[in-house]
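Presented below is the structure to which this report refers.
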Amino acid sequence: MFALRRAAVAAAPIASRSAARPFSILGARLSGAVSSESVEKNIGPGAPAGTVPTDLEQATGLERMELLAKLEGREFFDMEPLNMTHLGTVKNPIVVKSHDAIRFVGCTGYPAESHDVIWLSLDKSHEHDRCPECGSVYKMDFVGSEDDHHHH
Numbered sequence: 096m097f098a099l100r101r102a103a104v105a106a107a108p109i110a111s112r113s114a115a116r117p118f119s120i121l122g123a124r125l126s127g128a129v130s131s132e133s134v135e136k137n138i139g140p141g142a143p144a145g146t147v148p149t150d151l152e153q154a155t156g157l158e159r160m161e162l163l164a165k166l167e168g169r170e171f172f173d174m175e176p177l178n179m180t181h182l183g184t185v186k187n188p189i190v191v192k193s194h195d196a197i198r199f200v201g202c203t204g205y206p207a208e209s210h211d212v213i214w215l216s217l218d219k220s221h222e223h224d225r226c227p228e229c230g231s232v233y234k235m236d237f238v239g240s241e242d243d244h245h246h247h
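So the mapping is simple: the numbering used here equals the position in the sequence shown, first residue as 1, plus 95.
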């Protein structure tokens with residue numbers, strides 16, 4: 096039986112590998128588009144051989160940035176609810192800070208809980224965004240870096 100298996104494996108055609116890779120960041124690293132400092136900060140060192148890595152050793156990207164911020168005693172992501180002291184207007188919108196170019200915000204109206212949650216997509220290219228239910232106006236304050244690309 097083992098002889099038949101070896102013969103079948105030997106007779107099977109070997110798949111040729113493509114010379115082109117579908118995705119690579121090596122070119123970006125070599126071109127200088129990605130600084131070595133940001134790469135080292137966003138990629139953990141990994142675990143020593145034969146050990147299980149900790150979260151900090153294996154985390155990359157935004158997760159790593161969040162863990163490093165917590166080690167410094169601060170929050171990287173603002174998880175507090177928006178302070179709805181007024182109904183946002185075009186002249187006095189509700190300002191939402193964001194590290195990304197697009198952020199989702201749940202509006203519950205003014206005063207709070209006056210309607211069901213309606214999720215709005217705030218975009219940094221928009222002057223402002225408006226809730227279709229209550230008319231409250233939101234404006235994004237982009238605090239991120241134009242060079243950060245947190246795509247998965």
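A virtual CB, placed ideally from N, CA and C, is assigned to each residue, including glycine.
With 16 other Cβ atoms within 10 Å as the buried cut-off, status of residue i
{"i": "residue 203", "result": "buried"}
{"i": "residue 174", "result": "exposed"}
{"i": "residue 169", "result": "exposed"}
{"i": "residue 236", "result": "exposed"}
{"i": "residue 224", "result": "buried"}
{"i": "residue 188", "result": "buried"}
{"i": "residue 241", "result": "exposed"}
{"i": "residue 139", "result": "buried"}
{"i": "residue 190", "result": "exposed"}
Which listed residue (the options) has its alpha carbon closest to that of residue i
{"i": "residue 231", "options": "210, 239, 136 and 240", "result": "210"}
{"i": "residue 218", "options": "139, 187, 193 and 158", "result": "193"}
{"i": "residue 214", "options": "145, 222, 181 and 200", "result": "200"}
{"i": "residue 197", "options": "146, 147, 212 and 239", "result": "239"}
{"i": "residue 178", "options": "141, 207 and 159", "result": "207"}
For residue j and residue i, believed in contact at Cβ under 8 Å, the rounded distance
{"i": "residue 156", "j": "residue 233", "result": "Contact flag wrong, Cβ pair sits at about 27 Å."}
{"i": "residue 152", "j": "residue 145", "result": "Incorrect: roughly 13 Å between the Cβ atoms, too far for contact."}
Contact with chain D by residue i, beta-carbon distance below 8 Å
{"i": "residue 186", "result": "The structure shown contains no chain D; it is built from a single protein chain."}
Contained beta strand (DSSP E) runs [length at least 3] in the region 146-227, N- to C-terminal order: 189-193, 197-202 and 213-218
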